[in-house]
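Enquirer:
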Amino acid sequence: MTLPYFAYGSNLLTARLAARCPSVRVIGTGRLPGHRLDFSKYGRDGSGKATITQGAGTVPGVLFAIAAEDIPALDAAEGAGTHYDKIDVVLEDGRRAFTYRALMRREGIAPFAWYLALIRAGRAEHGLGAQDLCAITAEPDPEPNRPGFIAARTALQQAGYRDWRAAL
Numbered sequence: 001m002t003l004p005y006f007a008y009g010s011n012l013l014t015a016r017l018a019a020r021c022p023s024v025r026v027i028g029t030g031r032l033p034g035h036r037l038d039f040s041k042y043g044r045d046g047s048g049k050a051t052i053t054q055g056a057g058t059v060p061g062v063l064f065a066i067a068a069e070d071i072p073a074l075d076a077a078e079g080a081g082t083h084y085d086k087i088d089v090v091l092e093d094g095r096r097a098f099t100y101r102a103l104m105r106r107e108g109i110a111p112f113a114w115y116l117a118l119i120r121a122g123r124a125e126h127g128l129g130a131q132d133l134c135a136i137t138a139e140p141d142p143e144p145n146r147p148g149f150i151a152a153r154t155a156l157q158q159a160g161y162r163d164w165r166a167a168l
């Protein structure tokens, strides 16, 4: 059995999501109405992570099918129950899926550049625009050997980016 998952942040990049959920399969793109994307989720590394909040607008994303046995790994990677709340959403076209929304938000934090590169690369991979990301200020990661940074570089290389900065 597979479950539909709506990705809007770093999991947009199929290579990143496949590292967490080997069964992942792209269903198609979609838009989540009545929400906006921001980076107010305070990450374990001190940087801003993507989340959705209710508000005017729509959030572009990708609908993936994930095998039920891979969902616990995704929940663990996302911090379901401690960092993110797992919620059900309805896309503009009526398709239903689950996604994650930050439990606690903090304004004024910026994402690391490598994290923003994952999102931009994922949007490019699926033909989604990135105009709304142009105003986002990203910070360099002070720890180049951070496991998250290494995993991001690996996923970006698997997606065809020889230099992760090319996705910015």
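Per the UniProt record's numbering, residue 1 is the first one in the sequence shown, and the count goes up by one each step.
For every residue, glycine included, the Cβ atom is placed at its ideal position computed from N, Cα and C.
The structure presented is a predicted model; accordingly, all values stated were derived computationally and were not measured.
Let me make sure I understand the geometry here. Which of P22, G9, A159, I71 has the alpha-carbon closest to that of A102?
Expert: Walking along the sequence shown from the start, residue 102 turns up at place 102. Of the listed residues, the one whose Cα sits closest to A102 is G9.
Enquirer: Roughly how far, in whole angstroms, is the beta-carbon of G61 from the beta-carbon of R36, given that I think they are within contact range, below 8 angstroms?
Expert: Position 61 of the sequence shown, counted from the start, is the residue given in the question as residue 61. Position 36 of the sequence shown, counted from the start, is the residue given in the question as residue 36. Not quite, the Cβ-Cβ distance comes to about 13 angstroms (not below 8 angstroms), so this is no contact.
Enquirer: What are the uninterrupted segments assigned as beta strand (DSSP E) that are 3 or more residues long and contained completely in the region 77-159, given in chain order?
Expert: As far as the region 77-159 is concerned, its whole beta strand (DSSP E) runs of at least 3 residues are 84-90, 96-102.
Enquirer: Among I52, G55, I27, G160, which residue has its Cα nearest to the Cα of A117?
Expert: For the purposes of this step, residue 117 is taken as residue 117 along the sequence shown, with counting starting at 1. Per the Cα distances, G160.
Enquirer: Mapping the DSSP letters down to three states, classify R25 as helix, strand or coil.
Expert: Indexing the sequence shown from 1 puts residue 25 at position 25. Note: R25 maps to strand in three-state DSSP.
Enquirer: Starting from A18, trace the alpha helix (DSSP H) both ways and give me its first and last residue.
Expert: Locating residue 18 in the sequence shown gives position 18, where the first residue counts as 1. A18 -> alpha helix (DSSP H) spans 14-20.
Enquirer: Checking the sheet assignment: what are the DSSP bridge partners for A65?
Expert: Here residue 65 refers to the residue found at position 65 of the sequence shown. P4, R25, per the DSSP bridge assignment.
Enquirer: Could you tell me whether the region 139-147 touches the region 77-87, where touching means 3 or more Cβ pairs closer than 8 angstroms?
Expert: No, because fewer than three Cβ pairs between the region 139-147 and the region 77-87 fall closer than 8 angstroms, the two stretches do not touch.
Enquirer: Can you confirm whether the region 121-136 touches the region 91-99 when touching is taken to mean that 3 or more C-beta pairs between the two stretches lie within less than 8 angstroms?
Expert: Contact between the region 91-99 and the region 121-136 is absent, because fewer than three Cβ pairs lie under 8 angstroms.
Enquirer: For Q54, which residues from the same chain have a beta carbon less than 7 angstroms from its beta carbon, with the 5 sequence-adjacent residues on both sides left out?
Expert: As a first step, residue 54 is located in the sequence shown; it is residue number 54 there, counting from the start. Closer than 7 angstroms at Cβ, skipping near neighbours: G34, H35.
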